[in-house]
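The structure appears below as structure tokens.
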Amino acid sequence: MGYHVWDDMLEIAIRKNGKWVYLGYFPLSVLALEVISYLEEKGYSANLGDLVSYKRLAQLAGFGNYGKNALIVNPKYGPWMRIVPVVTNAELTADKPFDQDLCGDCENCIRACPTGALGALRGRRQQVPCRDAHSRRKYP
Ligand code: SF4
24 MGYHVWDDML EIAIRKNGKW VYLGYFPLSV LALEVISYLE EKGYSANLGD
74 LVSYKRLAQL AGFGNYGKNA LIVNPKYGPW MRIVPVVTNA ELTADKPFDQ
124 DLCGDCENCI RACPTGALGA LRGRRQQVPC RDAHSRRKYP
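Residue numbers (our numbering): 24 to 163.
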């Protein structure tokens, strides 16, 4: 499932028990739980797919391509989406995988990345090391 998050919502974070909590994920969690409840009421098993690759599944489900910014880039919303997988044994009709490259020659995010983490990745599919890079960085 994907959810378009408006720009300001993505910037809102609160600190709770020593961890950052990003409010942009809350609406998506509510929707995912509604879908899970619906499927369970219909007799299927369903749960949050915490152990699967969100981005890989989003690409296979047709949401967009894996961008150079290490996010799924959607033709309409760009990377301004949040995604969550719901795993179920319900028989569903599969969407087609997204097979376009929306980034092309663009490298704006790589040039803008303050730590150089995206340049180090260059489109490789792995965890972005920006948290590590930020933790080593000195801020005023
Ligand atoms: S390369 Fe360009 S289009 Fe692709 S994610 Fe980065 S900024 Fe977006």
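Backbone N, C-alpha and C define an ideal beta-carbon position, used for all residues, glycine too.
- Message: Please report the distance separating the alpha-carbon of Gly47 from that of Val110.
- Response: 21 Å
- Counting only runs that start and end within the stretch 58-82, where is the beta strand (DSSP E) found for 3 or more residues in a row? 69-71
- Residue span of the beta strand (DSSP E) that contains Ala36, given as start and end: 36-39
- Query: DSSP three-state call for Gly142: helix, strand or coil?
  - Reply: helix
- Task: Under the assumption that Val107 contacts Leu71 (Cβ atoms under 8 Å), give the Cβ distance between them as a whole number of angstroms.
- Result: 7 Å
- Sheet register partners of Trp43 (DSSP bridge): Arg38
- Assuming Leu141 and Asn88 make a contact with CB atoms under 8 Å, what is their CB distance in whole Å? So it is not a contact: roughly 15 Å between Cβ atoms.
- For my contact list, Ile59 and Lys78 are in at a C-beta cut-off of 8 Å; report their separation, rounded to the angstrom. Ile59 to Lys78, Cβ: 21 Å. No contact.
- Task: May I ask you to list the residues that DSSP assigns as paired with Arg179?
- Result: Not covered by the structure: residue 179. The range shown for the chain is 24 to 163.
- Message: In this structure, how does DSSP classify Tyr48 when only helix, strand and coil are distinguished?
- Response: helix
- Contacting residues, own chain, Cβ-Cβ under 7 Å from Ser68 (five flanking each side not counted): Thr111, Asn112
- Query: Using the rule of at least 16 other Cβ atoms within 10 Å of the residue's Cβ for burial, across every protein chain shown, is Ala55 buried or exposed?
  - Reply: buried
- Item | Rounded C-alpha distance that separates Asp124 from Gly90 | 8 Å
- Item | Beta carbon of Val253 nearer than 8 Å to that of Trp103 | Residue 253 falls outside the range modelled here, since the chain spans only 24 to 163, and no answer is possible.
- Item | Element boundaries [alpha helix (DSSP H), containing Ala135] | 131-135
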